[in-house]
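Numbering (UniProt numbering), first residue to last: 1 to 737.
This is the structure we're talking about:
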């Protein structure tokens with residue numbers, strides 16, 4: 001039975017990381033298992049097979065022989081490597097020739113001095129970086145050879161060392177089994193040869209799939225030849241509770257695999273001693289639209305069935321009686337002989353080590369579609385702003401959890417209205433978790449593997465949000481740290497935007513001032529700030545992005561980030577003088593879709609998520625999209641818009657009769673205009689009254705109790721905020737560590 005997986009791709013889908021693994025490319029076929037290195041990258045899986053030829057193997061140097069033959073012995077047989085290359089999507093092998101007075105491909109008669117031998121012992125006269133049938137090296141294709149008369153650097157025949165190298169990527173010719181070097185018999189001729197391992201990526205067999213759309217659809221293949229032994233394996237996913245996977249009939253003999261119920265897979269056959277059935281029962285439903293693996297085997301001694309990692313069900317064969325399975329009909333995959341066929345996807349169907357090409361056959365069969373594309377391949381583009389598409393059997397959904405948006409397509413801004421004096425603090429580490437763990441989980445999200453947790457400092461930040469306000473100066477957003485480092489976005493006393501960085505190394509904080517644009521005009525504005533080391537890119541609204549650079553003396557590490565503030569900065573310790581001034585009375589207006597690296601503080605405050613424990617709010621946070629910037633996305637066409645309602649079927653509940661003729665419509669328009677005028681007058685009056693009272697100084701503030709006796713605004717907040725005593729203790733602890 002299959003102890004080893006068929007490929008590195010299969011190991012990756014068992015959650016395995018890069019390592020050496022035994023793979024068995026043809027199941028229980030004759031090839032046998034081989035050891036390869038599986039390199040699992042984010043989007044690809046590479047299978048690597050090594051050989052014993054040393055890199056930079058020297059040839060020549062006082063050689064008497066005209067030819068030097070270098071033999072490569074692999075850790076696998078040629079047939080095993082062929083099984084890997086034939087099912088791969090792409091393969092490559094590095095080859096390099098360093099030369100001193102030793103020509104590579106150029107000869108006066110046209111036969112190369114040096115060649116390599118590939119699969120099936122064929123000689124090849126092209127070199128790395130070039131392709132079959134082109135007797136050139138990489139430099140000959142890129143036209144940058146040492147001597148432009150030749151197509152390889154080595155063909156210039158110089159007395160200095162030169163090199164021709166590159167990838168061989170025509171997989172039908174790989175692997176390289178020999179390199180034959182021919183220009184070594186002159187005094188001073190020398191060469192060094194390097195050949196890398198064979199690396200292949202992708203597994204076409206693993207993803208070869210078909211989707212069965214109706215319960216009467218099927219694919220047919222030639223009769224299964226499994227007289228004395230049968231080894232069948234495949235993956236399936238479905239939301240249906242039953243259906244036939246495959247069946248092949250003889251006169252009375254047969255072999256069949258089916259999903260009997262949502263929790264049962266059955267393997268049945270008859271070799272002439274009466275029908276035998278093996279059933280595996282799963283504790284969990286198998287129709288959960290997840291991939292499940294089935295492995296059925298039968299030989300003269302016994303038969304077995306395994307589903308996923310559930311226990312193997314085995315049935316011994318009778319000691320006497322028939323042993324040969326004699327089949328005549330075609331092999332049916334799906335609905336056979338009027339039975340209810342399987343609905344869903346089958347992939348990587350292997351019969352005795354051969355993968356059936358379901359995809360090709362499905363292209364010409366009604367009711368069966370090639371491939372198993374879920375809905376995300378078609379609709380994933382609708383998940384905007386970094387939302388992730390999640391497959392569903394009859395549709396899809398967008399996971400917006402890692403974004404500052406929500407709604408079905410992650411395009412709905414999550415925002416809030418801030419009253420004067422209100423503020424929100426998002427602690428980057430919550431009480432009870434070590435700072436290291438948390439910062440590494442959130443700020444240094446796994447999306448960025450370059451940053452490791454231990455140094456707890458940021459080399460790069462990405463900040464985006466939108467806001468609207470009419471009051472200035474104010475602090476829109478502030479990121480504090482356990483050191484003097486900070487970052488702030490402010491509206492200064494002239495109503496202009498300022499980005500301020502203080503990362504150490506400079507006397508004054510570094511400021512980016514956006515003059516000549518009034519940002520406090522009550523309109524929504526979007527801000528996007530990306531810093532990578534010294535480079536800062538700022539994009540404001542729809543204006544083109546502008547680049548800035550931190551001064552040469554500035555540190556480029558944002559050390560030990562502590563908390564993010566919106567509305568007002570309430571932080572212990574020394575605070576920047578300007579920020580202290582701008583901080584009272586605080587921000588009034590709207591903030592929307594705030595995102596700092598992987599953190600969305602407003603969303604954490606307004607939507608219960610696992611990050612909500614990091615948020616502390618002073619005042620009442622009212623959700624509002626008043627800061628949402630107007631969308632500049634062109635409207636979808638009616639055909640593609642999932643929310644488009646045909647006017648005929650649009651069934652909006654009117655509180656009266658639908659407006660029918662022109663007279664009614666006109667009177668409705670006039671009424672609407674009058675209502676708008678009255679509303680405008682009322683709004684103006686309210687505004688004027690507020691304005692008058694404001695200047696008489698009789699307006700009330702939402703001051704913290706205990707403010708009278710406190711020395712400063714900060715102290716007042718600290719008296720009032722029970723969390724603050726903890727904060728101070730926490731930070732002391734942090735400094736003592």
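Backbone N, C-alpha and C define an ideal beta-carbon position, used for all residues, glycine too.
**OP:** Take the Cβ of residue 251 as the centre, count every other Cβ of all protein chains shown within 10 Å, and call the residue buried at 16 or more, exposed below.
**Re:** It is exposed - the Cβ of residue 251 has fewer than 16 other Cβ atoms within 10 Å.
Original post:
Is the shortest distance between the beta-carbon of residue 510 and the beta-carbons of chain C less than 8 Å?
Top reply: Checking the listed chains, one finds no chain C in this structure; it contains a single protein chain.
Original post:
For residue 309, does the three-state DSSP call read helix, strand or coil?
Top reply: coil
Original post:
For residue 248 versus residue 348, is the C-beta distance shorter than 8 Å?
Top reply: Note that the C-beta distance between residue 248 and residue 348 is not below 8 Å.
Original post:
Would you say residue 406 and residue 592 are within 8 Å of each other, going by their C-beta atoms?
Top reply: no
**OP:** Indicate whether the contact test is met: 3 or more Cβ pairs, each with one atom in the stretch 555 to 573 and one in the stretch 473 to 488, closer than 8 Å.
**Re:** yes
Subject >> residue 254 versus residue 39 - alpha carbon distance >> reply: 42 Å
Original post:
In terms of alpha-carbon separation, which member of 362, 596, 44 and 504 lies closest to residue 741?
Top reply: With the chain represented from 1 up to 737, any question about residue 741 goes unanswered, as that position is not in the structure.
Subject >> Beta-carbon proximity check, residue 596 vs residue 490, cutoff 8 Å >> reply: no
Subject >> Chain-order list of residues whose beta-carbon lies under 6 Å from that of residue 471 (same chain, five-residue window excluded) >> reply: Only residues of its own chain outside the window of five on either side were considered, and among them 588 have a CB closer than 6 Å to the CB of residue 471, listed in chain order.
Subject >> Whether residue 236 touches residue 224 by CB criterion (8 Å) >> reply: Note that the C-beta distance between residue 236 and residue 224 is not below 8 Å.
Original post:
For residue 334 versus residue 221, is the C-beta distance shorter than 8 Å?
Top reply: no
Original post:
Hey, residue 79 and residue 6: beta-carbon distance below 8 Å or not?
Top reply: no
Original post:
Which residues share a DSSP beta bridge with residue 608?
Top reply: Note: residue 608 sits in no beta bridge, so no partner.
Original post:
What residues in its chain sit with their C-beta under 7 Å from that of residue 519, if we drop five residues either side in the sequence?
Top reply: 491, 495, 496, 497 and 525
Original post:
Measuring CB to CB, does residue 93 end up less than 8 Å from residue 195?
Top reply: Between residue 93 and residue 195, the C-beta gap is smaller than 8 Å, which places the two residues in contact.
Original post:
Which residues in the same chain as residue 69 place their Cβ atom closer than 7 Å to its Cβ, once the five residues preceding and following it in sequence are excluded?
Top reply: In its chain, beyond the 5 residues on either side, 178 and 180 have a beta carbon closer than 7 Å to the beta carbon of residue 69.
Original post:
residue 352: which of 287, 232 and 215 sits nearest, CA to CA?
Top reply: Considering only alpha carbons, the answer is 232.
Subject >> Other residues of its chain near residue 81: CB distance less than 7 Å, five sequence neighbours each side excluded >> reply: 49, 74, 175 and 198
Original post:
Does the distance from the CB of residue 566 to the CB of residue 537 come in under 8 Å?
Top reply: no
Subject >> Own chain residues within Cβ distance below 7 Å of residue 548, not counting five before or after >> reply: Contacts found: 512, 536 and 538.
**OP:** Please go through the same chain and pick out, in chain order, the residues whose beta-carbon is closer than 6 Å to the beta-carbon of residue 738, but skip the five residues on each side of it.
**Re:** As displayed, the chain neither begins before 1 nor continues past 737, which places residue 738 out of reach and without an answer.
**OP:** Give the straight-line distance between the Cα atoms of residue 562 and residue 484, rounded to the nearest whole angstrom.
**Re:** 11 Å
Original post:
Who are the Cβ neighbours of residue 10 in its own chain at under 7 Å, not counting the five residues just before and after it?
Top reply: 206
**OP:** Give the DSSP bridge partners of residue 57, in chain order.
**Re:** 193, per the DSSP bridge assignment.
**OP:** Compare the beta carbon distance of residue 421 and residue 586 with 8 Å and say whether it is the shorter of the two.
**Re:** By the CB criterion at 8 Å, residue 421 and residue 586 fall inside the cutoff.
**OP:** Check whether the Cβ atoms of residue 120 and residue 171 sit closer than 8 Å, and answer yes or no.
**Re:** no
Original post:
Sorted by chain position, which residues of the same chain lie with C-beta nearer than 7 Å to residue 624's C-beta, five sequence neighbours on each side aside?
Top reply: 415, 416, 417 and 590
Original post:
Looking at the structure shown, is residue 361 part of a helix, part of a strand, or coil, going by DSSP?
Top reply: helix
**OP:** With a threshold of 16 other CB atoms inside 10 Å of the CB of residue 608, please say whether the residue is buried or exposed.
**Re:** exposed
Original post:
Three-state secondary structure (DSSP) at residue 601?
Top reply: helix
Subject >> Collapsed DSSP secondary structure at residue 17 in the structure displayed >> reply: coil
Subject >> Short Cβ contact (8 Å threshold) for residue 278 with residue 165 >> reply: no
Subject >> DSSP bridge partner residues for residue 167 (one or two, in chain order) >> reply: 94
Original post:
Out of curiosity, what's the CA-to-CA distance linking residue 315 and residue 324?
Top reply: 16 Å
Original post:
Looking at the unbroken alpha helix (DSSP H) that takes in residue 78, where does it start and where does it end?
Top reply: 78 to 87
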